[in-house]
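Below is one structure; the comments refer to it alone.
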Amino acid sequence: MKKHSKIHISFYKGLGQTFLVLIAISSFFLGLLWIGLNYYESTTPNGALIHYIDLLEKKQYNEIYDESKKVYAQYNEKETYVDYLKSFYGDLDLSKATFEKQNYNSTEFEYYDMLIDGSSIATIEIKKDADKNKWNARTLTNVHSYKIDTPTTDLQMVVNDNLIGSDRIVAKDTPSVAYANLKDQEQAPLITQYFIDNLIGDPNIDVQNSDYVLVKDAILDQYYAGPVLDAETLSEYEELIKTVATTYCMYITEDATFNSLRKLMYTKTEFYDAIRSFNNAYFSAHDRIEFENMNVFDVVEISEDGFIGSVSFDYIVYIGERSQTYSSTYQLTFLKVNGKWLLSNLVIAEAN
0 MKKHSKIHIS
10 FYKGLGQTFL
20 VLIAISSFFL
30 GLLWIGLNYY
40 ESTTPNGALI
50 HYIDLLEKKQ
60 YNEIYDESKK
70 VYAQYNEKET
80 YVDYLKSFYG
90 DLDLSKATFE
100 KQNYNSTEFE
110 YYDMLIDGSS
120 IATIEIKKDA
130 DKNKWNARTL
140 TNVHSYKIDT
150 PTTDLQMVVN
160 DNLIGSDRIV
170 AKDTPSVAYA
180 NLKDQEQAPL
190 ITQYFIDNLI
200 GDPNIDVQNS
210 DYVLVKDAIL
220 DQYYAGPVLD
230 AETLSEYEEL
240 IKTVATTYCM
250 YITEDATFNS
260 LRKLMYTKTE
270 FYDAIRSFNN
280 AYFSAHDRIE
290 FENMNVFDVV
300 EISEDGFIGS
310 VSFDYIVYIG
320 ERSQTYSSTY
330 QLTFLKVNGK
340 WLLSNLVIAE
350 AN
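Taking numbering that gives the first Met the number 0, I'd label the letters of the sequence shown as residues 0 to 351.
Pasting the structure below:
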């Protein structure tokens, strides 16, 4: 009887050990399966979105910034970017976030609308990291993106302390943005165009090429870079800018005819059409005008056939013994036509 009991005890003990081994083996393979599924999820667009929302919910903004630099060209300073994410997402209930894929086909990017309670909150871009077979997500800020037109393909720049170069070239031998108003774009100077996107606020851009200067467009998120001008050429451009700006101003005040201005302009532009039909009869009758405090600045040559410059000045309108002072700042664009520099555009700019 005792022998029979021992057999039973041995049997159940062996059965228990086998059961434990099976559980261990099953747990091991289930663990491998979980790891495999988790890895697979991390390699999908959906996994990237889930991971990104998880970081946002946990307010791990520093980690988001650090991860973004692994895949994206991150030109924002860390503090600026983190502050933006805190402000943008800080009060949102991200547990309600859902995503709708936008209709855009690319092997490298996908775009999703983030929705909360049916309202679009943000656009999320995910990018494939081919080396790691993994998708990474970021918020498109839709705040600022900048183009930089230049005659060189070797421009080296620092944007918010981040060095950029030829990797940000998006077009070569393309018409400059400065000449978008030309009716015939074949007349526009051809440049190399750099593109910097997803910037929060105005960037600090410095050109590392010591023989180049950088100028901001007066109204667009656009820059122009060109070689440093010799003294003779710069003086020539400055005098032309002064002449054209004062003639334009005198036409507006009816102290010069349109014909005197037309001789200085390239006629095949939208700007020319607008000025030709301009009604300048509103300006008050006066005896004479004078120009003072003339200052030319931000002159840049973006090709052999195109340059840009700005000028600020005061013009004083006299009516008898009385006078009224007006301050103006213009940015002027010039195009070389048949060997002669002609005005192709003029916009009101902020004072220097």
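Idealized CB from N, CA, C, for every residue including glycine.
Computed from a predicted structure; not experimentally measured.
Less than 8 Å between the beta carbons of Val206 and Ala224, yes or no?
Counted from its first residue, the sequence shown places residue 206 at position 207. Counted from its first residue, the sequence shown places residue 224 at position 225. Result yes, Cβ atoms of Val206 and Ala224 sit closer than 8 Å.
Can you tell me whether Phe306 is buried or exposed? The criterion is at least 16 other CB atoms within 10 Å of its CB, across all chains shown.
Taking the first residue of the sequence shown as position 1, residue 306 is located at position 307. The residue is buried, with at least 16 neighbouring Cβ atoms inside 10 Å.
Leaving out five residues on either side along the sequence, give the residues of the same chain with a beta carbon under 8 Å from the beta carbon of Leu162.
If you number the sequence shown from 1, residue 162 lands on position 163. Excluding residues within five positions, the ones whose Cβ falls inside 8 Å are Gln155, Met156 and Gln207.
By Cβ distance, which residues of its chain are closer than 8 Å to Leu233, with the 5 residues on each side in sequence left out?
As a position in the sequence shown, residue 233 is number 234, starting the count at 1. Cβ neighbours of Leu233 beyond the five flanking positions: Val298.
Please state the DSSP three-state secondary structure of Tyr145.
As a first step, residue 145 is located in the sequence shown; it is residue number 146 there, counting from the start. Note: Tyr145 maps to strand in three-state DSSP.
Sequence-distant residues of the same chain with beta carbon closer than 6 Å to Ser144, five excluded per side:
Here residue 144 is taken as the residue at index 145 of the sequence shown, counted from 1. The residues are Asp196.
Burial state of Thr266, where buried means 16 or more other Cβ atoms lie within 10 Å:
Position 267 of the sequence shown, counted from the start, is the residue given in the question as residue 266. Burial call: exposed.
Terminal residues of the continuous beta strand (DSSP E) containing Phe356?
The requested residue 356 does not occur in the structure, where the chain is confined to residues 0 to 351.
Which whole-angstrom value is the C-beta distance of Ile204 and Tyr222, which I expect to be below 8 Å?
Taking the first residue of the sequence shown as position 1, residue 204 is located at position 205. Taking the first residue of the sequence shown as position 1, residue 222 is located at position 223. Rounded, the Cβ-Cβ distance is 7 Å, consistent with contact.
Looking at the unbroken beta strand (DSSP E) that takes in Met293, where does it start and where does it end?
Residue 293 sits at position 294 when you count from the first residue of the sequence shown. First-last of the beta strand (DSSP E) with Met293: Arg287 to Ser302.
Classify Asn37 as helix, strand or coil using the three-state DSSP reduction.
Walking along the sequence shown from the start, residue 37 turns up at place 38. Any reading at Asn37 needs caution, since the residue's pLDDT is 44, under 50, leaving its predicted position unreliable; the model's value is listed next. In the structure shown, Asn37 sits in a helix (DSSP, three-state: H, G or I).
Whole-angstrom distance between Pro150 and Val346, CA atom to CA atom:
Position 347 of the sequence shown holds residue 346. Position 151 of the sequence shown holds residue 150. Going from the Cα of Val346 to the Cα of Pro150 covers about 23 Å.
Within 10 angstroms of the Cβ of Ile318, are there 16 or more other Cβ atoms? Answer buried if so, exposed if not.
What you label residue 318 is simply residue 319 of the sequence shown in a count that begins at 1. It counts as exposed.
Name the two residues that bound the continuous alpha helix (DSSP H) containing Ser67.
For the purposes of this step, residue 67 is identified with residue 68 of the sequence shown, where counting begins at 1. Segment Tyr60 to Val70, the alpha helix (DSSP H) holding Ser67.
In whole angstroms, what is the alpha-carbon distance linking Lys182 and Glu269?
Position 183 of the sequence shown holds residue 182. Position 270 of the sequence shown holds residue 269. About 7 Å.
Look up Phe257 in the DSSP assignment and say whether it is helix, strand or coil.
Along the sequence shown, read from residue 1 onward, the residue named residue 257 stands at position 258. Here Phe257 sits in helix by DSSP.
Could you spell out where the alpha helix (DSSP H) holding Ala244 opens and where it closes?
As a position in the sequence shown, residue 244 is number 245, starting the count at 1. Counting along the chain, the alpha helix (DSSP H) containing Ala244 begins and ends at Ala230 to Ile251.
As an exercise, report each continuous beta strand (DSSP E) stretch of at least 3 residues that is fully enclosed by the region 168-217, in chain order.
168-174, 189-198, 204-206 and 211-215
Identify the continuous beta strand (DSSP E) that holds Pro44 and give its terminal residues.
Along the sequence shown, read from residue 1 onward, the residue named residue 44 stands at position 45. Looking at the DSSP string, Pro44 is not in any beta strand (DSSP E); the run it does join, the alpha helix (DSSP H), is Pro44 to Glu56.
Which stretch, first to last residue, makes up the alpha helix (DSSP H) that contains Asp272?
Translated into the one-based positions of the sequence shown, residue 272 becomes position 273. From DSSP, the alpha helix (DSSP H) with Asp272 extends over Glu269 to Arg275.
Three-state class that DSSP yields for Asp166 in the structure shown:
The residue labelled residue 166 in the question sits at position 167 within the sequence shown. Here Asp166 sits in helix by DSSP.
Mind checking whether Ala170 and Gln184 have CB atoms under 8 Å apart?
Position 171 of the sequence shown holds residue 170. Position 185 of the sequence shown holds residue 184. The answer is no: Cβ separation not under 8 Å.
Report buried or exposed for Ile34, applying the criterion of at least 16 other Cβ atoms within 10 angstroms of its Cβ.
The sequence position of residue 34 within the sequence shown is 35, counting from 1. With a pLDDT of 39 at Ile34, under the threshold of 50, the predicted position of this residue should be treated as unreliable, and no value is reported.
Classify Ser94 as helix, strand or coil using the three-state DSSP reduction.
Locating residue 94 in the sequence shown gives position 95, counting from the first residue. The answer is helix: DSSP assigns Ser94 an H, G or I state.
Which of helix, strand or coil DSSP assigns to Gly305:
Taking the first residue of the sequence shown as 1, we reach residue 305 at position 306. Reduced to three states, the DSSP call for Gly305 is strand.
Rounded to whole angstroms, what is the Cα-Cα separation between Ser309 and Lys339?
The residue given as residue 309 occupies position 310 in the sequence shown. The residue given as residue 339 occupies position 340 in the sequence shown. Cα-Cα distance, rounded: 19 Å.
Give me the residue from Ile63, Ala72, Leu91 and Asp92 with the minimum Cα distance to Glu78.
One-based indexing of the sequence shown puts residue 78 at position 79. For the residues Ile63, Ala72, Leu91 and Asp92, the minimum Cα distance to Glu78 belongs to Ile63.
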